[in-house]
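The working numbering applies: residue 36 is where the sequence shown begins, and numbers increase by one.
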Amino acid sequence: MDKLHRCLIAGAAIVALSGCSAKQSQQLGMRSNTVTKVSQQMSNLELCETYLYGRSTTQTHFAIASEWNRRGLSRKYCEETINQLYISAWASWLVANKDKKTTEDATKPVPLPATNL
Numbered sequence: 036m037d038k039l040h041r042c043l044i045a046g047a048a049i050v051a052l053s054g055c056s057a058k059q060s061q062q063l064g065m066r067s068n069t070v071t072k073v074s075q076q077m078s079n080l081e082l083c084e085t086y087l088y089g090r091s092t093t094q095t096h097f098a099i100a101s102e103w104n105r106r107g108l109s110r111k112y113c114e115e116t117i118n119q120l121y122i123s124a125w126a127s128w129l130v131a132n133k134d135k136k137t138t139e140d141a142t143k144p145v146p147l148p149a150t151n152l
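The following block contains the structure:
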């Protein structure tokens with residue numbers, strides 16, 4: 036019974052957190068750690084948080100700004116990304132990967148059967 040209670044609590048926590056946005060989880064202190072990746076390896080969300088919202092990083096502001104400009108990010112994009120719920124971001128990622136996989140399958144070469152001469 037004790038294991039069942041732990042599983043239920045863990046499941047409820049996962050459901051509750053998937054209904055949060057990055058901004059809400061940041062307010063709860065869950066996204067407050069320092070970003071230690073180089074700017075080229077940061078996600079768009081991490082770039083937005085460090086460039087616009089002051090999240091700490093080991094990279095220089097110049098490196099962050101350079102990557103920001105290279106990717107063509109905007110303040111509007113960052114606002115939408117930070118306020119997007121994790122569950123909807125995950126669903127968007129699933130749809131994008133499914134579409135990507137179907138286009139990859141369509142372009143695969145089909146081997147011809149061997150013929151004896």
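Where is the CB? At the ideal position from N, CA and C, for every residue including glycine.
Please read all numbers here as calculations on a predicted model, not as lab measurements.
DSSP places residue 70 in the strand class (E or B) of the three-state scheme. Annotation: residue 86 to residue 78 spans about 12 Å, alpha carbon to alpha carbon. Within the same chain, 94, 98, 99 and 102 come within 6 Å of residue 74 by CB-CB distance, once the 5 residues on both sides are set aside.
If you look at residue 151, you'll find it isn't in any alpha helix (DSSP H); DSSP assigns it neither H nor E. A Cβ-Cβ separation of about 23 Å leaves residue 108 out of contact with residue 129 under the 8 Å criterion.
Residue 92 is bridged by DSSP to 70.
In its chain, beyond the 5 residues on either side, 69 have a beta carbon closer than 6 Å to the beta carbon of residue 91. Residue nearest to residue 105 within the set 88, 117 and 76 is 76 (criterion: CA-CA distance).
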